[in-house]
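As structure tokens, the structure follows; a few thoughts come after it.
There are 2 protein chains.
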Amino acid sequence: MTTKRSPARERLLDAADRLFYAEGVHTVGIDRIIEEAGVAKGSLFYNFSGKDELVAAYLDGRGERRRARIERHTAGLTDPVAKLLAVFDALAEAVAESGFRGCAFANAAAEASGPDSVEAVALRRYRGWFDELVLSFATEAGYADPAGVAERVRLLYDGAVANTQLDANRGAVAVARQMAELVLTTAPRN
Amino acid sequence: MTTKRSPARERLLDAADRLFYAEGVHTVGIDRIIEEAGVAKGSLFYNFSGKDELVAAYLDGRGERRRARIERHTAGLTDPVAKLLAVFDALAEAVAESGFRGCAFANAAAEASGPDSVEAVALRRYRGWFDELVLSFATEAGYADPAGVAERVRLLYDGAVANTQLDANRGAVAVARQMAELVLTTAPRN
DNA sequence: CTCCTTTTAGACAGGTCTGTCTAGTGCCTC
DNA sequence: GAGGCACTAGACAGACCTGTCTAAAAGGAG
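Taken in order, these protein sequences are the chains called U and X.
So for the first sequence, the UniProt record's numbering puts the first residue at 1; every next one is plus one.
So for the second sequence, the UniProt record's numbering puts the first residue at 1; every next one is plus one.
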């Protein structure tokens, strides 16, 4: 009952995270993953019910790491406006890592088979969390229209992600942060 | 040598446009397309060299229609700032149509097999065109930093697309346009 | 009417992909 | 040392998917 995890499971998740993110959930088959993980095919089906569950675990891991990263950047900050800006700092850090290819959830959902697929469900869950987080910061900051402020911040965030991914524009996050700063300092507060 | 097109080819393109956009290039097989088009499988391979060419033709059509839509919204306008804002009006029109599911190029590229795939090539072509268009308007408007203005407009545009798609947020385009207006009226000019 | 292009229906081949199954191997614990 | 857990290697089944092929029909143009 210890928290010790089997190495096969971890190696599978590592390989899935790398390959699914870099090349797409649909493009990468389980044979590629078990080969990269150095694991027998049986181990995949022993640890996961199937590819779908592996995909779900991959997205869960991505979400958890994103949550942790934002947490790390907002921890210690008391000003909610600073927290909103720190979300962009967290993004800048993610973008700076090699192999950035946009939002894992958005990419996975783009190739999903339907609105009930694990990819679509994971996307909705992630977006729900993210929307709520930004809205809670905006509310905490005492803006007259917190939902409107949150919407603008989200729009800039998504724009930065898309622009980085589509145009390989490395400065997009900084620009978005700058624009967010403008929005946050000029929006009316209670 | 007339411009008359074979109905089979057109019906194939119609079906491909609908299905590929709604469900993804990878998810939809040629059997689905020929069935929806009411056409024999042989006709697909008679009119196209294979699925890749059909995908390329689908994306070409999307690009052409987007170009025409923006052209329609900017035609008659003389003020380049108004032209930049008209790009958002064109987007608003596209978003209002039922079944909007984000950028066809970005979605296709997300499930592409590699950087040399027809999807990735089409995306780069489209982004090149779009970047150039926005930059040319910004230059025409006489901004001190046309590239910076273009970058901000693109970021807002992409953010609006992503926000509409990911959050089913119908007001995102209007918000993005508003923010663009702010950027365009406050940015320094020569 | 005749030629040539386009289209049809469907069988078929060859590939890939997920998932199952078997038989056996370490390894840890009791 | 016995039993259960995690894992291995690989064959195999079954589904799906692209693309080919055949034999024939429709249709317009000269």
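Just so you know, even glycine gets a beta-carbon here, dropped at the ideal spot from N, CA and C.
In chain order, what residues of the same chain lie with their CB nearer than 7 Å to the CB of residue i, ignoring the 5 residues before and after it?
i	result
residue 126(X)	63 and 105
residue 112(U)	119 and 120
residue 159(X)	176
residue 83(U)	74, 77 and 137
residue 139(U)	146
residue 39(U)	8, 11 and 12
residue 80(X)	137, 140 and 141
residue 192(X)	Residue coverage of chain X in this structure runs from 1 to 190, which leaves residue 192(X) outside it and unanswerable.
residue 97(U)	none
Quick one, are the C-beta atoms of residue i and residue j less than 8 Å apart?
i	j	result
residue 101(U)	residue 22(U)	yes
residue 141(X)	residue 156(X)	no
residue 90(U)	residue 69(U)	yes
residue 134(U)	residue 154(U)	yes
residue 164(X)	residue 87(X)	no
residue 24(U)	residue 107(U)	yes
residue 167(X)	residue 131(U)	yes
Under 8 Å Cβ-Cβ, which residues of chain U neighbour residue i?
i	result
residue 73(X)	Near residue 73(X) there are no residues of chain U at all, since even the closest Cβ is about 20 Å away, more than 8 Å.
Only counting the same chain, and skipping five residues up and downstream in sequence, which positions put a Cβ closer than 8 Å to that of residue i?
i	result
residue 162(U)	102
residue 174(X)	92
residue 14(X)	37
residue 47(U)	6, 8, 9 and 12
residue 85(X)	177, 180, 181 and 184
Applying a beta-carbon distance threshold of less than 9 Å, which residues of chain X neighbour residue i?
i	result
residue 27(U)	26, 111, 112, 113 and 114
Looking only at its own chain, which residues have a Cβ that is under 6 Å from the Cβ of residue i, when we skip the five neighbours before and after it?
i	result
residue 190(U)	142 and 144
residue 123(X)	105 and 109
residue 26(U)	111
residue 58(U)	16, 17 and 20
residue 7(X)	none
residue 34(U)	41 and 44
residue 51(X)	30
residue 187(U)	143 and 149
residue 169(X)	163
residue 54(X)	16 and 48
I want to verify the contact list: residues of chain X whose CB lies under 8 Å from the CB of residue i, in sequence order.
i	result
residue 127(U)	166 and 167
Name the chain U residues that come within less than 7 Å of residue i, Cβ to Cβ?
i	result
residue 47(X)	Within chain U, no residue comes near residue 47(X); the closest Cβ sits about 26 Å away, beyond 7 Å.
Counting only Cβ pairs nearer than 9 Å, list the residues of chain U close to residue i.
i	result
residue 187(X)	Within chain U, no residue comes near residue 187(X); the closest Cβ sits about 12 Å away, beyond 9 Å.
Check: Using Cβ-Cβ distances below 8 Å, what residues of the stretch 149 to 162 of chain U are close to chain X?
Finding: Within the stretch 149 to 162 of chain U, the residues whose Cβ lies closer than 8 Å to some Cβ of chain X are 151, 152, 154, 155, 156, 157, 158, 159, 160, 161 and 162, listed in chain order.
Check: For the stretch 163 to 175 of chain X, which residues have a CB atom closer than 9 Å to at least one CB atom of chain U, in sequence order?
Finding: Those residues of the stretch 163 to 175 of chain X placed with their C-beta closer than 9 Å to a C-beta in chain U are 163, 165, 166, 167, 169, 171, 172 and 175, ordered along the chain.
Item checked: Members of the stretch 119 to 146 of chain X near chain U, C-beta cut-off 8 Å -> Result list: 123, 127 and 131.
Item checked: Entirely enclosed alpha helix (DSSP H) segments - the stretch 56 to 128 of chain U, minimum 4 residues -> Unbroken alpha helix (DSSP H) stretches of 4 residues or longer found wholly inside the stretch 56 to 128 of chain U: 80 to 96 and 104 to 110, given in chain order.
Next item on the list: Select from the stretch 97 to 108 of chain X all residues with a C-beta closer than 9 Å to any C-beta belonging to chain U, and list them in chain order.
Entry: Listed by position along the chain: 101, 102, 103, 105, 106, 107 and 108.
Notebook entry, point to check: Which residue spans inside the stretch 119 to 177 of chain U form an unbroken alpha helix (DSSP H) run of at least 4?
Noted result: DSSP runs (the alpha helix (DSSP H)) wholly in the stretch 119 to 177 of chain U: 146 to 167.
Check: What residue ranges within the UniProt DNA-binding region "H-T-H motif" (29 to 48) of chain U form continuous alpha helix (DSSP H) runs of no fewer than 4 residues, ordered along the chain?
Finding: Runs of the alpha helix (DSSP H) inside the UniProt DNA-binding region "H-T-H motif" (29 to 48) of chain U: 30 to 37 and 41 to 47.
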